[in-house]
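Number of protein chains: 2
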Amino acid sequence: MKEVNKHQKIIKAAVKVFAEKGFYNARVSEIAKEANVADGTIYLYFKNKDDILISLFEEEFGKLVENMRKEINKEKDALQKIKRFAVSHLSFVAKQQQLAEVFGVEVRQSSKFMKEYVNKPFIEYLNLIRSVVIEGQEAGLIRKDLTPGIMKRAVFGALDEMSRYWVLSSKKKHSVDEAALQISDVFIWGMMSEEARKNYPWSNG
Amino acid sequence: MKEVNKHQKIIKAAVKVFAEKGFYNARVSEIAKEANVADGTIYLYFKNKDDILISLFEEEFGKLVENMRKEINKEKDALQKIKRFAVSHLSFVAKQQQLAEVFGVEVRQSSKFMKEYVNKPFIEYLNLIRSVVIEGQEAGLIRKDLTPGIMKRAVFGALDEMSRYWVLSSKKKHSVDEAALQISDVFIWGMMSEEARKNYPWSNG
DNA sequence: ATTGAATGAATGATTATTCATTCAACAGTT
DNA sequence: AACTGTTGAATGAATAATCATTCATTCAAT
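If you want it as structure tokens, here you go:
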């Protein structure tokens, strides 16, 4: 049976099962069932259960990083890039809930125990923010007393916690769009240099 | 042998083992060994392995919430409370690394526990921030267009991501104190109302 | 006839949990 | 103070269940 890409089919099934059950409570047999392949077939495409998670992360998160890089480059000033980052991040979460759940809830936790595996795509993602902060400081838009390495974690953390709420809660009281705007707005005003606050052409809304 | 509180001894051992290995890779027998009790003794004090994690969370996080409530009440204006929250949160992380690791990495990120176990103490902790935001809005210090339910997640998320970096990284490039100050400063400036920005007696440093 | 992708039942390891047994502490009795 | 019975906390070897992984076999395609 020359079929569609099994690797991809298994990854897709794994996203679903990992999101529903969590990595440790996910059964390889259930992923196989979801992907419509035999249990053993998984092992023709992946070394083991860990490898499914790692591959899925490398591949899918890799795409996300590339996509985000393009998104923020649509803006030319650093403060607008922050806003674009927030909106894109949360829009991805809303569109790809299961994947977001695996990224946010499972991977960073699990990666701790996969000693060898340094989470390259994740670090890259964080460093997109860091670059924007540095760029903003060089342009005089962002306060120079702020450490880019701290700010990248603050911005990402704020968005990530919001994502977790969005993905895990069933109620979804706040809209993700509204959250993205409010969070980026607070960071923009909070990080903006004194000078920029006077001159920057800002129509807050 | 009438001994010291075994319940407490087991919890303490569990914190250490969970922090080192993660919940799913932690062995009950290892917790027993660490606590100097027999494997079976654990089951005289806890229903099962899950129950160890849940109890530890309820008890230890409960203390943290109470402590934080006292801390922020040392300040009387909302913006200073935000700062105090940030400093206390990260100072706790630095002082109780293993416990912080279990709180941050194991409990909150484990979708199994987030989904099946409604995390009362955690919600209470978040709502401390929410109350402060509301208080600040009522006093005219904080912009009224910001949703307290979004802000509580943004502030907590920023601090939490910083904590995760701090506990998991071995390098510890940034000091936690510095991080707390920068993060709270950005939030304070970002959330402050136009009016407060003019009148508030602020010595930024 | 040959190949090798795919299968899924069987295997082997791992571990949470149980429970028959031990033993220290104390109370009552002589 | 010595002996005996009772209690229940503590033990840890044995159990039972769960799953990741394997591999002998099948079978579709060429």
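Top to bottom, those sequences are chains A and B. The numbering used here numbers the first residue of the first sequence as 9 and each following residue consecutively. The numbering used here numbers the first residue of the second sequence as 9 and each following residue consecutively. The beta-carbon is built from N, C-alpha and C at its ideal position, and this holds for glycine as well. The structure presented is a predicted model; accordingly, all values stated were derived computationally and were not measured.
- At a cut-off of 8 Å, the C-beta of residue 194 of chain A has a neighbouring C-beta in chain B.
- Excluding five sequence positions before and after residue 200 of chain A, the CB atoms of its chain that fall closer than 8 Å to its own CB belong to 87, 149, 150, 151, 208, given in chain order.
- Inclusion of residue 110 of chain B and residue 184 of chain B in the CB contact set at 8 Å is not warranted, their separation being larger than that value.
- Within its own chain, no residue has a Cβ closer than 8 Å to the Cβ of residue 16 of chain B once the five positions on either side in sequence are excluded.
- C-alpha of residue 125 of chain B to C-alpha of residue 57 of chain B: approximately 14 Å in a straight line.
- Taking C-beta atoms under 8 Å as the contact rule, residue 166 of chain A and residue 144 of chain B fail to qualify, at a distance of about 18 Å.
- Distance check between residue 196 of chain B and each of B:91, B:146, B:81 places B:91 closest, using alpha-carbon atoms only.
- Interface residue (Cβ-Cβ distance to chain B less than 8 Å): residue 154 of chain A is classified as such.
- Taking 8 Å as the cut-off, the beta carbon of residue 94 of chain B is found no closer than this to the beta carbon of residue 171 of chain B.
- Put simply, the CB of residue 169 of chain A is near chain B, with a gap under 8 Å to one of its CB atoms.
- Interface annotation for the stretch 11 to 40 of chain B against chain A: 30, 32, 33, criterion Cβ-Cβ distance under 7 Å.
- Within chain B, 161 have C-beta atoms less than 8 Å from the C-beta of residue 173 of chain A, given in sequence order.
- Look at residue 94 of chain A: its C-beta is not under 8 Å from any C-beta on chain B.
- Annotation: residue 32 of chain B to residue 113 of chain B spans about 12 Å, alpha carbon to alpha carbon.
- From the listed residues A:131, A:80, A:188, the smallest Cα separation to residue 101 of chain A is found for A:188.
- For residue 157 of chain B, the nearest CB of chain A lies under 8 Å from its own CB, placing it at the interface with that chain.
- Counting the other CB atoms within 10 Å of its CB gives residue 138 of chain A a total of 16 or more, which places it among the buried residues.
- An exposed status is given to residue 177 of chain B, since fewer than 16 other beta-carbon atoms sit within 10 Å of its beta-carbon.
- Just measuring C-alpha positions, the residue of A:72, A:89, A:96 sitting nearest residue 132 of chain A is A:72.
- Put simply, the backbone Cα of residue 104 of chain A is about 18 Å away from that of residue 63 of chain A.
- Residue 37 of chain A counts as exposed, since fewer than 16 other C-beta atoms from the protein chains shown sit within 10 angstroms of its C-beta.
- Among the residues of the stretch 58 to 91 of chain B, none has a Cβ less than 8 Å away from any Cβ of chain A.
- Residue contact check for residue 164 of chain A against chain B: a CB pair falls below 8 Å.
- For secondary structure counted as the alpha helix (DSSP H) over 4 or more consecutive residues, the stretch 108 to 179 of chain A holds these complete runs in sequence order: 116 to 119, 128 to 146, 156 to 176.
- Beta bridge pairing from DSSP links residue 200 of chain A with A:150.
- Across the structure, residue 161 of chain A and residue 169 of chain B are spaced so that their CA atoms are roughly 6 Å apart.
- At least one CB atom of chain A sits nearer than 8 Å to the CB of residue 187 of chain B.
- In this structure, B:130 is the residue among B:130, B:14, B:186, B:157 with its C-alpha nearest to the C-alpha of residue 74 of chain B.
- Contact check for residue 191 of chain B and residue 80 of chain A: beta-carbon distance about 22 Å, past the 8 Å limit, so the pair fails to qualify.
- With its beta carbon at least 8 Å from every one in chain B, residue 145 of chain A lies outside the interface.
- If you look at residue 88 of chain A, you'll find it in the alpha helix (DSSP H) that goes 86 to 103.
- According to the DSSP assignment, residue 48 of chain B belongs to the alpha helix (DSSP H) that extends over 47 to 53.
- For a Cβ distance threshold of 7 Å, residue set 155, 157, 158 of chain B lies close to residue 182 of chain A, ordered along the chain.
- A check of alpha carbon separations from residue 135 of chain A across A:156, A:146, A:30 identifies A:156 as the nearest.
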